[in-house]
Amino acid sequence: MQTLNIKIGGQAGQGLVSVGTILLRAATKEGWHLFAHQDYESRIRGGHNFFQIRLADGPVASWENDIDVLVALDETTITRELEEVRPGGVVIYDPDVLGSEAKKLVEQPNCIGLPFARVAEELGQPKIMANAAAAGAVWALLSEEITVLHETLALLFGDKGDKIVSGNQQVASAGFQRVRNIVGAKPRPEKPRYPGPRLVLKGNDALPLGALAAGVKFMSAYPMTPSTGVTEFIAQYGAEAKVVMEQAEDEISAINMTIGASFAGVRAMTATSGGGFALMTEALSLAGSAEIPVVVVNAMRPGPSTGLPTRTEQGDLRYAVAMSFGDFPRAVLAPGDVEEAFYLMAHAFNLAEEYQMPVVVLSDQHLADSYVTVPPFDLSRIEIRRGRVVSGAKAGPDYLRYRYIKDGISQRLYPGFGEGLVVSAGDEHGEDGHLIEDAETRRKMMEKRMAKQRLVEENALGPVLCGAEDPEIMLIGFGSTKGAIAEAVEILNSRGLRAQGVHLPQVFPLPKSLEQFLQQPAQKFIVESNYSGQLEDLIAARFAVRPTGSIRRYDGRPMNAKYILDRLPGGECHGR
Amino acid sequence: MAGNQGFVVSRETAWCPGCGNFGIVRALAKALNELGLKPSEVLYVSGIGQAGKLPHYISGNVLNTLHGRTLPTATGAKLANGDLTVIAIGGDGDGYAEGGNHFLHAIRKNVNITYIVHDNQVFGLTKGQASPRSDQGMVTATTPTGVYNEPFNPLATAITLNAGFVARSYAGDQEHLARTLQAAIQHEGFALVDVLQPCVTFNRINTYQYFRERVYDLDQEEGYDRTDRQAAWARSWEWGERIPIGIFYQIQRPTLADNYGEILTTPLVKQELSPGIVEELLREFQIG
């Protein structure tokens, strides 16, 4: 696979996300596949952030360390990132922002100085259009023609008026021409062809889109990075679908509002991150006891406590599975990429309603903020199953919310939709929902609820496999490590090994079918972004199998193929 | 409690004999019957404590939730189905201690629900500890030298936050309580009814006799203007020889549902699911 990595570095507030967004849309239009991830600090101005785009001639799902094109909007990008540029790579920097030390570093033939803001100002345009100059400069390394970049700018700035569009196009052309004059008609990476339309979106787009596709009608949330994108998306676009998104005073209120709305009969969700999830756990226990469906997105970031608020980790797995106090049925899903995020989010609502229980969708900052090109979603794959619900004549005065039934799934009635009364309680209750104290009812009600857990397990989503079918080495993971594992497997196979990737889109209950893969004679490595090996423990607890080795990352940075390969036997970091 | 013809009060409860809660549940049934509602049209959302059990002793739909979380849960239910008459029920520990933050914000949101607080100035179900409403100096198991904290003033707080309906009633006065609850349920917007409710087991200070000697009805006072916020606020601090009950403050302001406009013209739960919107949205992310 031919790939090309572009890293745009700068301070928060400098517009590097704009440059990145322009480029990723234009590159997609040009026919590239891409994967783009974001690295940012917990601040609004200053610091050092980057937006990294990996272009490829085939599907890509992860990132690479080595940089082909470095765009430096500030000095720190030069001092900190220059050594990541691979031999033959190009650096485009703004000489106006470099001090004398940094200026020495860029005294190399592959470094091109381009005063982004000045380019805009010289054309009589506002400084903010420096972003277009930077995008134009990079585009000169990607394409013979500027047409596609111009079209992209027209699309992105179209609602701001013709003057803004033409200004940006003019500045982009200037950036393009300056670089073209220097590099000339150098051979460029062969232009790929991606047939047909595709989407370019990030996890925080795919998750709310999946929820809307599932017919979510209510959301309540409290802002917390990196989940906030989900909340804002529903708030912004929900109105068209007549969805209520109510910002709560805290996460406790958010989950309880969600539970109230779901009890009343609508599909309801909330989104948060670790600390907020912690505040929600008491209510999850209520949802478990009262058998109220609820979907919670927990976009993980490194803990403990406030941890690294803008970075990535998979350290909430054990906590999400434990979820709360007491025994009650639940499921935890862990989408590995934007496509899975879309379909699993919709699936989460079916699970929650069919089994009348809480479902947690584990995302993380890497999934939430990373863009990828994918084929258009197939909406016909989204099925809305609302489970056992009665109304009207079938919900007469003898209706019992928690009627005993072998599989544990009693019929729901939305209050007011029949003569029958709906009585639900977090206190232990009888079939009619009223409070009980006797041992017999308690035992039967606990068994009724937990019967559902067996069904959830029987219907658990199986592992998603890639690579060799008769592996000698297996890499097992969940959530956003999916792309990194798939790429590591591909590289291992290209080296003549038989490697297999096992991705788990459902982490609780684990699918029984996982056992057969764990029994293969291969060497097994569990790959996860946390310190203590939470997936490893979960698998050991369920199947009594320990892997050959573990590959863990807990520095707040996303996993990629190199990280994994370096830590396998024979890799340069093996055993460290 | 299964019938849908009128509101009936259960004979069996887990309350102490003589508890002020009996007066509240009977007055509530009376108010609802007089309003001509059907039990299936009413949803009680309650928390934990002796007050939280009330919905189990009267006909209607029930969501008996967690300690302190009554108001957000009721808010979610009301937003999902505006056709339901939603009555939130809790105690002073539940609502003013554990759920204090929700109390502030439910008022700000002005969701169209009625909030009945059984205010017995003590924790009943956990056997008599101090509550945010306990009088200063009250000796309890957790405050052996007497309550030090300033008592929480729910009425003053609600008026400060411009709640649309702020009332106090007394569990010992059935007529007054039923009338006040009826007005609260009919009010469009968040309606607080703080009910003085003697705890016969754990509060030996604020007894039936204590209140009988002190309460007077603001509704009967000539010249009292319940739309005058300053006057209402001043009156909410009267607590001593004389304790006012009645509607302290009532004004109309847009409710949370009004804020959602067309989205809530039809209750959410009665709307068709509209996943079709996604096809349109996806075009914004599509290239080529």
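Those sequence lines, one after another, are chains A and B.
When we follow the numbering used here, the leftmost residue of the first sequence carries the number 1, and every step to the right adds one.
When we follow the numbering used here, the leftmost residue of the second sequence carries the number 1001, and every step to the right adds one.
The beta carbon of each residue, even a glycine, is placed where N, CA and C say it ideally should be.
None of the values given here were measured: they were computed from a predicted structure.
Point to revise | chain A contact for residue 1050/B (CB, 7 angstroms cutoff) | key: In the second sequence, residue 1050/B corresponds to position 50, counting from 1. No, no contact with chain A.
**Study point:** Validate contact between the segment 330-338 of chain A and the segment 358-377 of chain A using beta carbons, cut 8 angstroms, 3 pairs
**Key:** Because the criterion of three Cβ pairs below 8 angstroms is met, the segment 330-338 of chain A and the segment 358-377 of chain A touch.
Practice item. Evaluate residue 1283/B with the Cβ neighbour count: other Cβ atoms within 10 Å of its Cβ, from every protein chain shown; 16 or more gives buried, anything less gives exposed. Key: Translated into the one-based positions of the second sequence, residue 1283/B becomes position 283. Exposed.
**Study point:** Beta-carbon gap between residue 119/A and residue 133/A smaller than 7 angstroms
**Key:** Position 119 of the first sequence, counting from 1, holds the residue named residue 119/A. Position 133 of the first sequence, counting from 1, holds the residue named residue 133/A. Yes. Within cutoff.
Review point. Looking at the C-beta of residue 1096/B, does it have a partner C-beta in chain A at a distance below 7 angstroms?
Key: As a position in the second sequence, residue 1096/B is number 96, starting the count at 1. Output row for residue 1096/B: interface = no.
Check your understanding: Which residue or residues does DSSP assign as beta-bridge partners of residue 552/A?
Key -> On the first sequence, residue 552/A is found 552 positions in, with the first residue counted as 1. Per DSSP, 528/A.
Exercise for review: Verify the CB distance criterion: does residue 342/A have a CB-CB separation below 7 angstroms to chain B?
Suggested key: Position 342 of the first sequence, counted from the first residue, corresponds to residue 342/A. Not one chain B Cβ lies under 7 angstroms of residue 342/A.
Point to revise | DSSP three-state assignment for residue 1280/B, whether helix, strand or coil | key: Counted from its first residue, the second sequence places residue 1280/B at position 280. Three-state result, residue 1280/B: helix.
Check your understanding: Sorted by chain position, which residues of the same chain lie with C-beta nearer than 6 angstroms to residue 453/A's C-beta, five sequence neighbours on each side aside?
Key -> Locating residue 453/A in the first sequence gives position 453, where the first residue counts as 1. Non-local beta-carbon contacts of residue 453/A in its own chain, meaning distances under 6 angstroms to residues more than five positions away in sequence, involve 329 in chain order.
Review point. For residue 1299/B, which of 95/A, 267/A, 16/A has the nearest alpha-carbon?
Key: Residue numbering for chain B in the displayed model covers 1001 to 1288; residue 1299/B lies beyond these limits and cannot be assessed.
Exercise for review: List the residues of chain A that residue 1118/B touches, going by C-beta distances under 7 angstroms, in chain order.
Suggested key: Numbered from its first residue, the second sequence carries residue 1118/B at position 118. None at all; the shortest Cβ gap to chain A is about 17 angstroms.
Check your understanding: alpha helix (DSSP H) containing residue 289/A: first to last residue?
Key -> In the first sequence, the residue the question calls residue 289/A occupies position 289. Annotation for residue 289/A: the continuous alpha helix (DSSP H) segment containing it runs 274-290.
Exercise for review: Note down, one range per segment and in chain order, each alpha helix (DSSP H) of at least 4 residues found wholly within the segment 360-407 of chain A.
Suggested key: DSSP runs (the alpha helix (DSSP H)) wholly in the segment 360-407 of chain A: 365-369.
Review point. Going by beta carbon distance, what residues of the same chain come within less than 8 angstroms of residue 1002/B, once the five residues before and after it are set aside?
Key: As a first step, residue 1002/B is located in the second sequence; it is residue number 2 there, counting from the start. Below a pLDDT of 50, predicted positions are generally treated as unreliable, and residue 1002/B, at 47, falls in that range; the measurement from the model is reported next regardless. Cβ within range, chain order: 1059.
Check your understanding: With a cut-off of 8 angstroms, do at least 3 Cβ pairs link the segment 341-355 of chain A to the segment 195-206 of chain A?
Key -> Judged by Cβ distances under 8 angstroms, the segment 341-355 of chain A makes contact with the segment 195-206 of chain A, as three or more pairs qualify.
**Study point:** Neighbour-count burial assignment, residue 1148/B, 16 or more Cβ in a 10 Å radius
**Key:** Position 148 of the second sequence, counted from the start, is the residue given in the question as residue 1148/B. It is exposed - the Cβ of residue 1148/B has fewer than 16 other Cβ atoms within 10 Å.
Exercise for review: With distances taken Cα to Cα, identify the nearest neighbour of residue 1197/B among 1191/B, 1190/B, 1205/B.
Suggested key: Sequence index remark: in the second sequence, residue 1197/B carries index 197 (1-based). Minimum Cα-Cα distance from residue 1197/B among the listed residues 1191/B, 1190/B, 1205/B corresponds to 1205/B.
Point to revise | Classification of residue 1015/B by the beta-carbon crowding that lies within 10 angstroms, buried from 16 upward | key: If you number the second sequence from 1, residue 1015/B lands on position 15. Buried is the call here.
**Study point:** Member of 211/A, 252/A, 257/A whose CA lies at the smallest distance from the CA of residue 237/A
**Key:** The residue labelled residue 237/A in the question sits at position 237 within the first sequence. Residue 237/A has its Cα closest to that of 211/A, out of 211/A, 252/A, 257/A.
Point to revise | DSSP state of residue 54/A mapped onto helix, strand, coil | key: The residue given as residue 54/A occupies position 54 in the first sequence. Strand at residue 54/A.
Exercise for review: Rounded to whole angstroms, what's the CA-CA distance from residue 531/A to residue 547/A? Just pull it up for me.
Suggested key: As a position in the first sequence, residue 531/A is number 531, starting the count at 1. As a position in the first sequence, residue 547/A is number 547, starting the count at 1. Here the alpha carbons of residue 547/A and residue 531/A stand approximately 16 angstroms from one another.
Check your understanding: Considering only residues of the same chain and omitting the five flanking positions on each side of residue 1107/B, which have a CB-CB separation below 7 angstroms?
Key -> For the purposes of this step, residue 1107/B is identified with residue 107 of the second sequence, where counting begins at 1. Within the same chain, and ignoring the five residues on either side of residue 1107/B in sequence, the residues whose Cβ sits closer than 7 angstroms to its Cβ are 1158, 1161, 1163, 1190.
**Study point:** Sequence-distant residues of its chain with Cβ nearer than 6 angstroms to residue 1136/B (five each side left out)
**Key:** Position 136 of the second sequence, counted from the start, is the residue given in the question as residue 1136/B. Beyond the five residues adjoining it in sequence on each side, residue 1136/B comes within less than 6 angstroms, by CB distance, of 1147 in the same chain, given in chain order.
Review point. If you check the beta carbons only, do residue 220/A and residue 248/A fall under 7 angstroms apart?
Key: Here residue 220/A refers to the residue found at position 220 when the first sequence is read from its first residue. Here residue 248/A refers to the residue found at position 248 when the first sequence is read from its first residue. Between residue 220/A and residue 248/A, the CB-CB gap stays under 7 angstroms.
Exercise for review: Using three-state DSSP, classify residue 1170/B as helix, strand or coil.
Suggested key: As a first step, residue 1170/B must be located in the second sequence, where it is residue number 170. Strand, per DSSP.
Point to revise | Distance CB(residue 1083/B)-CB(residue 1254/B) smaller than 7 angstroms | key: The count along the second sequence starts at 1 and reaches residue 1083/B at position 83. The count along the second sequence starts at 1 and reaches residue 1254/B at position 254. No, Cβ-Cβ distance for residue 1083/B and residue 1254/B is not below 7 angstroms.
**Study point:** Terminal residues of the beta strand (DSSP E) in which residue 452/A lies
**Key:** Position 452 of the first sequence, counting from 1, holds the residue named residue 452/A. Unbroken run through residue 452/A is the alpha helix (DSSP H), 439-458; no beta strand (DSSP E).
Point to revise | chain B contact residues for residue 150/A, given Cβ-Cβ distances below 9 angstroms | key: Translated into the one-based positions of the first sequence, residue 150/A becomes position 150. For the C-beta of residue 150/A, not a single chain B residue is nearer than 9 angstroms; the gap to the nearest is close to 15 angstroms.
Practice item. Round the Cβ separation of residue 1133/B and residue 1152/B to the nearest angstrom and send it over; I've been treating them as touching at under 8 angstroms. Key: Within the second sequence, the letter at position 133 stands for residue 1133/B. Within the second sequence, the letter at position 152 stands for residue 1152/B. At roughly 6 angstroms, the Cβ-Cβ gap stays under 8 angstroms, so residue 1133/B and residue 1152/B are in contact.
Check your understanding: Is the CB of residue 371/A under 7 angstroms away from at least one CB in chain B?
Key -> Here residue 371/A corresponds to residue number 371 of the first sequence, with the count starting at 1. No, because no Cβ of chain B sits closer than 7 angstroms to the Cβ of residue 371/A.
**Study point:** Sequence-distant residues of the same chain with beta carbon closer than 8 angstroms to residue 65/A, five excluded per side
**Key:** If you number the first sequence from 1, residue 65/A lands on position 65. Within the same chain, residue 65/A has close Cβ partners 84, 560, 562.
Check your understanding: What residue range is occupied by the uninterrupted alpha helix (DSSP H) comprising residue 154/A?
Key -> Position 154 of the first sequence, counting from 1, holds the residue named residue 154/A. Residue 154/A: member of the alpha helix (DSSP H) spanning 147-157, first to last residue.
Review point. Distance, Cα to Cα, residue 168/A vs residue 63/A?
Key: Residue mapping note: residue 168/A aligns to position 168 of the first sequence, counting from 1. Residue mapping note: residue 63/A aligns to position 63 of the first sequence, counting from 1. Approximately 29 angstroms, taken between the alpha carbons.
Review point. DSSP on residue 1218/B, reduced to helix/strand/coil?
Key: Translated into the one-based positions of the second sequence, residue 1218/B becomes position 218. Residue state, collapsed to three classes: helix.
Review point. DSSP on residue 70/A, reduced to helix/strand/coil?
Key: Here the question's residue 70/A lines up with position 70 in the first sequence. Strand, per DSSP.
Point to revise | Under the three-state DSSP convention, the category residue 262/A falls into | key: Locating residue 262/A in the first sequence gives position 262, counting from the first residue. Residue 262/A falls in the helix class under three-state DSSP.
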